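**Q** The following block contains the structure, expressed as structure tokens.
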Amino acid sequence: MKLTRKDFLRLSGLGLLAVAGKKAVRAVSEVAATAASPKTAKRWGMVIDLQKCREEGGCTDCIKACDRAHNIPHFADREHEVKWIWNQPFETVFPQAQTDYTRQVYAGHPIALLCNHCANPPCVRVCPTQATWKREDDGIVMMDWHRCIGCRYCMAACPYGSRSFNWQDPRPAIASLNPDFPTRTKGVVEKCNFCEERLARGQRPACVEACGEKAMVFGDLADPDSEPRKLLRARFSLQREPELGTSPSVYYLV
Amino acid sequence: MRDRPLILTGLLAFVWLFTLPVWHAYAGKYSPSAPDVKLPANEKQCVAPTAYMRDSHMQLLIDWREDVVRNNRRQFTAFNGKVYDKSLTRTCLAQCHTNKGEFCDRCHAYAGVSGPYCWDCHHDKILTARSAP
Chain F
1 MKLTRKDFLR LSGLGLLAVA GKKAVRAVSE VAATAASPKT AKRWGMVIDL QKCREEGGCT
61 DCIKACDRAH NIPHFADREH EVKWIWNQPF ETVFPQAQTD YTRQVYAGHP IALLCNHCAN
121 PPCVRVCPTQ ATWKREDDGI VMMDWHRCIG CRYCMAACPY GSRSFNWQDP RPAIASLNPD
181 FPTRTKGVVE KCNFCEERLA RGQRPACVEA CGEKAMVFGD LADPDSEPRK LLRARFSLQR
241 EPELGTSPSV YYLV
Chain P
255 MRDRPLILTG LLAFVWLFTL PVWHAYAGKY SPSAPDVKLP ANEKQCVAPT AYMRDSHMQL
315 LIDWREDVVR NNRRQFTAFN GKVYDKSLTR TCLAQCHTNK GEFCDRCHAY AGVSGPYCWD
375 CHHDKILTAR SAP
């Protein structure tokens, strides 16, 4: 068969068109596929009802549940303290929300504090090894203890004191070991992980589950119909130091 | 000829030193042919073929670790289609190798692997039971 120059050019042109067309079709179908199953922009958050906490003044059920679930050590020396969730008096948590009269009523009331899982977490920005990072699909500020080098930049960056450092081997100071969760070693930083290991199994965080008063409500802040969002619409809430621009995911109903 | 006792003592010392690894193995109850590991009674097949697990279990565990901690992917589909939870303590140690001392540690000791630091944080049932109040 004799191929003229004209035919050759025509055929190669058609070939090129076919390849380009196939690529275009594939690109369009990929876009269509992602549009059909949109990745829901989720953001886990918590609302703590301080009124219910006040009624149960001095209750530490949530703290105990977290300690058990996450193998948190207890050292006699307070300088070595490791904490994921802890109580602190009202006036130290919300100093700007005080008046002469609220002081009379609320001073000394314990407020449960934990990692705020900020939308804009300063600890993540400073971590030199990316041992701590914000999980983009649900907003949890994660920690990879395998990768933590113990530089403690994150502790300096966190304005909420949510992070603790293991100055010594934590194992001897753990009351009862939970085999489902690892301990940490000397020389790593740790903090609340919003029970991401429990969320992966479809459970609520240990503190939320342990609270008999249902003072802690956990859910998706991005979903306007979620439990925490309903509460935040119905009642007045506070965030810890919102002026810093970290945008905490933990809210307090006064 | 007067040096005979000295030479014999020297020779004996040399033979003893030369065969020291053998005595050491006897004392440590290692079999020189293969490590005396205790296989799980309830399960015949590991998450991957034995040959692969023997030389690459550390890589598999590191891959699992990366997947779970950093990528939030927690399911592992084995070569035979079975699906496992990617977890050293919840899967490997809890479901099959319930005694890490008789499996992991024995082989590590035999192969001269100085304890991998997994155990600094992840723990088996025995340690957990020992720590129970």
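Respectively, the protein sequence lines represent chains F and P.
Start counting the first sequence at 1; every next residue gets the next number (the working numbering).
Start counting the second sequence at 255; every next residue gets the next number (the working numbering).
Beta carbons: idealized from backbone N, C-alpha and C, even for Gly.
Because the structure is a prediction, the values reported are computed rather than measured.
1. Suppose you measure from the CA of tyrosine 252(F) to the CA of asparagine 325(P); what does that come to, to the nearest Å?
2. Ignore the nearest five residues each way along the sequence and tell me which others in lysine 39(F)'s own chain have a CB closer than 8 Å to its CB.
3. Any beta-carbon of chain P closer than 8 Å to the one on alanine 41(F)?
4. Which residues in the same chain have their Cβ closer than 7 Å to the Cβ of phenylalanine 75(F), if we skip the five residues on either side of it in sequence?
5. When you compare the CB of valine 323(P) with every CB in chain F, is at least one pair closer than 8 Å?
6. Would a C-beta distance cut-off of 8 Å place valine 188(F) and glycine 150(F) closer than the cut-off?
7. So which residues of chain P does histidine 146(F) contact, with C-beta pairs closer than 8 Å?
8. Where DSSP assigns a beta bridge to glutamine 88(F), which residues make up the other side?
9. Measure the C-alpha to C-alpha separation of arginine 235(F) and lysine 336(P) and round it to an integer number of angstroms.
10. Buried or exposed for methionine 46(F), going by 16 or more other Cβ atoms inside 10 Å?
11. For serine 310(P), which three-state DSSP category applies?
12. Between the C-alpha atoms of phenylalanine 332(P) and cysteine 358(P), what's the straight-line distance to the nearest angstrom?
13. Thinking C-beta only, is glutamine 168(F) closer than 8 Å to lysine 186(F)?
14. In terms of residue numbering, what span does the alpha helix (DSSP H) encompassing leucine 244(F) cover?
15. Write down the C-beta distance between tryptophan 44(F) and serine 249(F) rounded to the nearest angstrom, noting that I regard them as a contact closer than 8 Å.
16. Can you tell me which of the three DSSP states tyrosine 160(F) falls into?
17. Rounded C-beta distance between glutamine 88(F) and leucine 113(F)? I'm assuming under 8 Å.
18. Below 8 Å on C-beta distance, what does proline 182(F) contact in chain P?
19. For proline 95(F), go through chain P and note every residue whose CB falls closer than 8 Å to its CB, in chain order.
20. Rounded to whole angstroms, what's the CA-CA distance from glutamate 30(F) to arginine 327(P)? Just pull it up for me.
21. Please report the distance separating the alpha-carbon of serine 310(P) from that of asparagine 178(F).
22. Which one of Pro370(P), Arg319(P), Ala279(P) and Lys354(P) has the shortest CA to CA distance from isoleucine 380(P)?
23. Take aspartate 374(P) as the anchor and find which of Thr132(F), Pro182(F), Glu91(F) and Lys134(F) has the nearest alpha-carbon.
24. Within its chain, find whatever has a CB closer than 6 Å to the CB of cysteine 158(F); leave out the 5 residues flanking it on each side and keep chain order.
25. Since I believe valine 93(F) is in contact with arginine 240(F) (beta carbons under 8 Å), could you give me their beta-carbon distance rounded to a whole number of angstroms?
26. Tell me whether the beta-carbon of arginine 68(F) lies closer than 8 Å to the beta-carbon of serine 176(F).
27. Around the Cβ of lysine 83(F), are there at least 16 other Cβ atoms within 10 angstroms (buried) or fewer (exposed)?
28. So, for alanine 36(F): in the same chain, excluding its five sequence neighbours on each side, which residues have a beta-carbon less than 8 Å away from its beta-carbon?
29. To which residues of the same chain is alanine 119(F) closer than 6 Å at the C-beta, ignoring the five residues directly before and after it?
30. Check isoleucine 72(F) in the structure and name its three-state DSSP category.
31. On the DSSP letters alone, give me the boundaries of the alpha helix (DSSP H) that tryptophan 44(F) sits inside.
32. For glycine 212(F), which residues from the same chain have a beta carbon less than 7 Å from its beta carbon, with the 5 sequence-adjacent residues on both sides left out?
33. Who are the near neighbours of alanine 32(F) in its chain, counting only those whose CB is closer than 8 Å to its CB and skipping five residues on each side?
34. Given that a residue counts as buried once 16 or more other Cβ atoms are within 10 Å of its Cβ, and exposed if not, what is alanine 288(P)?
35. Note down the Cα distance separating tyrosine 280(P) from threonine 273(P), rounded to an integer number of angstroms.
**A** Let me lay it out:
1. Position 252 of the first sequence holds residue 252(F). Position 71 of the second sequence holds residue 325(P). Cα-Cα distance, rounded: 31 Å.
2. As a position in the first sequence, residue 39(F) is number 39, starting the count at 1. Model confidence at lysine 39(F) stands at a pLDDT of 34, short of 50, so the residue's coordinates are unreliable; what they give is reported in the following sentence. If we look at lysine 39(F) and ignore the five residues flanking it on each side, its Cβ neighbours are Asp137.
3. Along the first sequence, read from residue 1 onward, the residue named residue 41(F) stands at position 41. Because the pLDDT at alanine 41(F) is just 43, under 50, the model does not fix this residue reliably, and the point stays unresolved.
4. Mapped onto the first sequence, residue 75(F) falls at position 75. Glu81 and Ala173.
5. The residue given as residue 323(P) occupies position 69 in the second sequence. True, the Cβ-Cβ gap to chain F drops below 8 Å.
6. The sequence position of residue 188(F) within the first sequence is 188, counting from 1. The sequence position of residue 150(F) within the first sequence is 150, counting from 1. Yes, the Cβ-Cβ distance between valine 188(F) and glycine 150(F) is below 8 Å.
7. Mapped onto the first sequence, residue 146(F) falls at position 146. In chain order: Arg319 and Val323.
8. As a working mapping, residue 88(F) is identified with position 88 in the first sequence. Answer by DSSP bridge pairing, in chain order: Ile111(F).
9. Sequence index remark: in the first sequence, residue 235(F) carries index 235 (1-based). Sequence index remark: in the second sequence, residue 336(P) carries index 82 (1-based). Computed Cα separation, rounded: 49 Å.
10. Start at 1 with the first residue of the first sequence, and residue 46(F) comes out as number 46. Buried, since its Cβ has 16 or more Cβ neighbours within 10 Å.
11. Along the second sequence, one-based indexing puts residue 310(P) at 56. DSSP places serine 310(P) in helix when its eight states are reduced to three.
12. The residue given as residue 332(P) occupies position 78 in the second sequence. The residue given as residue 358(P) occupies position 104 in the second sequence. Here residue 332(P) is alanine; the residue named in the question, phenylalanine, does not match the sequence. Each residue's Cα considered, the two are about 21 Å apart.
13. Start at 1 with the first residue of the first sequence, and residue 186(F) comes out as number 186. Start at 1 with the first residue of the first sequence, and residue 168(F) comes out as number 168. In contact: lysine 186(F) and glutamine 168(F) (Cβ atoms closer than 8 Å).
14. By 1-based counting over the first sequence, the position of residue 244(F) is 244. Premise fails: leucine 244(F) is in no alpha helix (DSSP H) and is neither H nor E.
15. Working through the first sequence from its first residue, we reach residue 44(F) at position 44. Working through the first sequence from its first residue, we reach residue 249(F) at position 249. Sure, about 7 Å apart at Cβ, within 8 Å.
16. Within the first sequence, numbered from 1, the residue matching residue 160(F) stands at position 160. Looking at tyrosine 160(F) - three-state DSSP - the assignment turns out to be coil, as it is neither helix nor strand.
17. What you label residue 88(F) is simply residue 88 of the first sequence in a count that begins at 1. What you label residue 113(F) is simply residue 113 of the first sequence in a count that begins at 1. About 5 Å separates the two Cβ atoms, so the contact holds.
18. Mapped onto the first sequence, residue 182(F) falls at position 182. In chain order: Thr343, Cys375, His376 and His377.
19. Against the first sequence, residue 95(F) aligns to sequence position 95. Result: empty, since nearest Cβ-Cβ is about 36 Å, beyond 8 Å.
20. Walking along the first sequence from the start, residue 30(F) turns up at place 30. Walking along the second sequence from the start, residue 327(P) turns up at place 73. With a pLDDT of only 46 at glutamate 30(F), under the threshold of 50, the placement of this residue in the model should not be trusted, and no figure is reported.
21. Position 56 of the second sequence, counting from 1, holds the residue named residue 310(P). Position 178 of the first sequence, counting from 1, holds the residue named residue 178(F). Going by the C-alpha atoms only, they are around 28 Å apart.
22. Stepping through the second sequence from its first residue, residue 380(P) is reached at position 126. Of Pro370(P), Arg319(P), Ala279(P) and Lys354(P), the residue nearest in Cα terms is Lys354(P).
23. Numbered from its first residue, the second sequence carries residue 374(P) at position 120. The residue with the shortest Cα to Cα distance from aspartate 374(P) is Pro182(F).
24. In the first sequence, residue 158(F) corresponds to position 158, counting from 1. Cβ within range, chain order: Cys123.
25. One-based indexing of the first sequence puts residue 240(F) at position 240. One-based indexing of the first sequence puts residue 93(F) at position 93. The pair is a contact, with the Cβ atoms about 7 Å apart (cut-off 8 Å).
26. The sequence position of residue 68(F) within the first sequence is 68, counting from 1. The sequence position of residue 176(F) within the first sequence is 176, counting from 1. Cβ atoms of arginine 68(F) and serine 176(F): closer than 8 Å.
27. By 1-based counting over the first sequence, the position of residue 83(F) is 83. By the neighbour-count rule (16 or more Cβ atoms within 10 Å), lysine 83(F) is buried.
28. Walking along the first sequence from the start, residue 36(F) turns up at place 36. Its pLDDT being 31, under 50, alanine 36(F) is placed unreliably in this model, and the coordinates cannot settle the point.
29. Start at 1 with the first residue of the first sequence, and residue 119(F) comes out as number 119. Same-chain partners within the cutoff: Ser247.
30. Here residue 72(F) corresponds to residue number 72 of the first sequence, with the count starting at 1. Note: isoleucine 72(F) maps to coil in three-state DSSP.
31. Here residue 44(F) refers to the residue found at position 44 when the first sequence is read from its first residue. Where tryptophan 44(F) is concerned, there is no enclosing alpha helix (DSSP H), although the beta strand (DSSP E) it sits in stretches over 44 to 49.
32. Along the first sequence, one-based indexing puts residue 212(F) at 212. Cβ neighbours of glycine 212(F) beyond the five flanking positions: Asp61.
33. Numbered from 1 along the first sequence, position 32 holds the residue referred to as residue 32(F). Bear in mind that the predicted position of alanine 32(F) carries a pLDDT of just 43, short of 50, making it unreliable; the figure below should be weighed with that in mind. Contacts found: none.
34. As a first step, residue 288(P) is located in the second sequence; it is residue number 34 there, counting from the start. Label assigned to alanine 288(P): exposed.
35. Within the second sequence, the letter at position 26 stands for residue 280(P). Within the second sequence, the letter at position 19 stands for residue 273(P). Each residue's alpha carbon lies about 11 Å from the other.
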